[in-house]
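Comments concern the structure below.
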Amino acid sequence: MTTQFYDRLSNDLNFLKVVPYFKKKFDEITFNENHVKVLKLPNISVKIFNVIIKYIYSGKFSLEKLENSDTFDLLIASNEFELDELVEHLQSHLVNDNSSWLRLKFAQIYRTSYQVKNFKIIRDFCNNIITKYPNTIFESENFHSLPEDALISILKQDDLQLEEGKIWEYVIEWGKAKNPTLPTNLDKWTSDNFLSLKKTLKGCLPHIRYFSFSNEDVVEKIYPYQQLLEQQLFLDITIKLITPNKPISSIILPPRKILNTTLPTRIAPIPLSSNIITNEHALEISSWIDKKEIPYIENNPYKFELLVRGSRDGFDIKTIYNICDKVSKTIIILKVEGTDEILGGYNPLEWENNKNQSKRTKDSFIFSLKTANMKDSILSTSQGGYVHSYPRKLELSFGNALRLIGNLKTEKRCCCMKSEEYPKPIRSDSSTFSVEEYEVFKIISNK
1 MTTQFYDRLS NDLNFLKVVP YFKKKFDEIT FNENHVKVLK LPNISVKIFN
51 VIIKYIYSGK FSLEKLENSD TFDLLIASNE FELDELVEHL QSHLVNDNSS
101 WLRLKFAQIY RTSYQVKNFK IIRDFCNNII TKYPNTIFES ENFHSLPEDA
151 LISILKQDDL QLEEGKIWEY VIEWGKAKNP TLPTNLDKWT SDNFLSLKKT
201 LKGCLPHIRY FSFSNEDVVE KIYPYQQLLE QQLFLDITIK LITPNKPISS
251 IILPPRKILN TTLPTRIAPI PLSSNIITNE HALEISSWID KKEIPYIENN
301 PYKFELLVRG SRDGFDIKTI YNICDKVSKT IIILKVEGTD EILGGYNPLE
351 WENNKNQSKR TKDSFIFSLK TANMKDSILS TSQGGYVHSY PRKLELSFGN
401 ALRLIGNLKT EKRCCCMKSE EYPKPIRSDS STFSVEEYEV FKIISNK
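All residue numbers for the sequence shown refer to the UniProt record's numbering, where the first residue is 1 and numbers rise by one.
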């Protein structure tokens, strides 16, 4: 769908913004030996640049053929050209319509939102997630590379759902990562070592709620790092520990609003976000994952987190690789065009977006689910079979037993063939087929 939402005056202003941008860039470049100035924009692809050019001249743009990663690249490029209206629109589009992709790439998106100051809508979206689920960022492999202003923003949140002693540990860990030469053993630290860490954490320390620490955490977590604190603050922390009612001069920040929730005695069903399968189907698939002979009938031990949907994200195989890169434990669900068959496969291993490769696993399987036209589901387990990641060939497959190729909706190249790796056929018809809809879920334990 093509979007148009700007008048002629707005188009002219956007055109003028781009003209000064290029003039400035060309002014910074010297002529080469052929007396030509060559401007390179390595971070902006031809595809993205064409979208921007069309937008500048017509006020129109289309996101139909763009993957979510392309849309995010378009957002960054739009900000580079100072196209403020487009920046705001794209942020809203990603937050409202593609939040699952933002969560999947959370650490990268959050870090970028602070590197690019105009991404307030996305930044607020991320902060809201972090306050409720702080481990999303604190336990991320990219936590140590988090910008200082991003960490400070998190520390300012009154409703951050994390005990203060744990927050302190994460802040210390972040600071140490910025000073890799610090001794591993704290007993060997010098005053200069503490001073280096104190300088690194200068912007973070004022936002710690020191008077919300438990007495045990004060002794075990603050005392070893007392040299990081101003003398009066450390004295007041000690006074409060010994004589809680005695007045102090340090500012006391309010305790964080930690929600106290009572867990139900019975596991409540988690809504299944699918346009193809039912909760009964999900229970059956979960039983196969756990290799249960008797299917689960309630209390699914797994959550099915929707990552990709064809009608929402696009039907090209590349879409799956882009969104599911380095994601393990995924289920692919297919609704076959014209037959209402529901096929699928489970991959316990990670998909690879950057290279073609095959991985052998005994825990993968493929299936055909029970429908109105099919009496019973069919499960075909792996006999040491392969899961093939072929992003460069626009193909992913489970041996030859289930092959997904190209554009799943328009090209009609998918097929199910005889395979020793997955010996039980899930489809009697070996002809190629297209897909009416597909979904990819991340399988997450509820424990």
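Virtual Cβ for every residue (Gly too), placed ideally from N, Cα, C.
Just so it is clear, the structure is predicted and the values come from calculations on it, not from any experiment.
> Where residue 452 and PHE138 are concerned, what is the direct C-alpha to C-alpha distance, given to the nearest angstrom?
Replying inline: What the structure shows of the chain is the stretch from 1 to 447, and residue 452 is not part of that stretch, so it cannot be assessed.
> Do the stretch 140-155 and the stretch 164-180 meet, that is, are 3 or more Cβ pairs less than 8 angstroms apart?
Replying inline: yes
> Quick one: what's THR371 bridged to in DSSP?
Replying inline: MET374
>> Quick check on ASP316: does DSSP put it in helix, strand or coil?
In response: strand
> Does the distance from the CB of ILE276 to the CB of LYS335 come in under 8 angstroms?
Replying inline: yes
> Rounded to whole angstroms, how far is the Cβ of LEU155 from the Cβ of ILE208, which I believe are closer than 8 angstroms?
Replying inline: 7 angstroms
>> Whether or not the stretch 109-123 and the stretch 319-327 are in contact is what I'm after, with contact meaning three or more pairs of Cβ atoms, one per stretch, closer than 8 angstroms; do they touch?
In response: no
> What's the gap between the Cα of SER287 and the Cα of TYR296?
Replying inline: 6 angstroms
>> At the level of alpha carbons, what is the spacing between GLU337 and SER100?
In response: 26 angstroms
>> If we require 3 or more residues per run, which beta strand (DSSP E) segments fall completely within the UniProt domain "BTB" (20-65)?
In response: 60-62
>> Mapping the DSSP letters down to three states, classify ASN400 as helix, strand or coil.
In response: coil
> Do PRO391 and ASN353 have their CB atoms nearer than 8 angstroms?
Replying inline: yes
> If you draw a straight line from the alpha carbon of ILE443 to that of PHE304, how long is it in whole angstroms?
Replying inline: 5 angstroms
> Contact check, ILE29 vs LEU41 under 8 angstroms by CB: the rounded distance?
Replying inline: Contact doesn't hold; Cβ gap of about 12 angstroms is too wide.
>> Please give the ranges of any alpha helix (DSSP H) in the stretch 132-170, keeping only runs that are unbroken, at least 4 residues long and fully inside the region.
In response: 135-138, 148-155
>> The beta strand (DSSP E) that contains GLU437, what's its start and end?
In response: 435-445
> If you count every other CB in all the chains shown that lies within 10 Å of the CB of THR184, and 16 or more means buried, which is it?
Replying inline: exposed
>> Considering only the alpha carbon of each residue, which of LEU241, ASN400, ASP187 lies closest to GLN383?
In response: ASN400
> Curious, which full-length alpha helix (DSSP H) runs of at least 4 residues does the stretch 285-358 contain?
Replying inline: 310-313, 317-324
> Going by DSSP, what residues sit across from VAL387 in a beta bridge?
Replying inline: LYS359, PHE398
>> Classify VAL308: buried if its beta carbon has 16 or more other beta carbons within 10 angstroms, exposed otherwise.
In response: buried
> Should TYR438 be labelled buried (16 or more other beta-carbon atoms within 10 Å of its own) or exposed?
Replying inline: buried
> Helix, strand or coil: how does DSSP classify CYS126 here?
Replying inline: helix
>> Just verifying my parser: in three-state terms, what is the DSSP assignment at THR243?
In response: coil
> So, is ALA77 buried or exposed, given that buried needs 16 or more other C-beta atoms within 10 angstroms?
Replying inline: buried
> Taking Cβ to Cβ, would you say ILE426 is nearer than 8 angstroms to LEU343?
Replying inline: yes
> Mind checking SER191: buried by the 16 CB within 10 Å criterion, or exposed?
Replying inline: exposed
> Given that a residue counts as buried once 16 or more other Cβ atoms are within 10 Å of its Cβ, and exposed if not, what is ILE130?
Replying inline: buried
> Quick one, which of HIS35, CYS415, PHE398, GLU64 has its alpha-carbon nearest PHE315's?
Replying inline: GLU64
> Residues bridged to THR381 by DSSP?
Replying inline: PHE365
> What are the start and end residues of the alpha helix (DSSP H) that includes ASN118?
Replying inline: It is not in any alpha helix (DSSP H) - ASN118 carries neither H nor E in the DSSP assignment.
> According to the Cβ coordinates, are LYS257 and ASP159 closer than 8 angstroms?
Replying inline: yes
> Got a sec, what are the start and stop residues for the alpha helix (DSSP H) ASN98 sits in?
Replying inline: No alpha helix (DSSP H) contains ASN98, which DSSP labels as neither H nor E.
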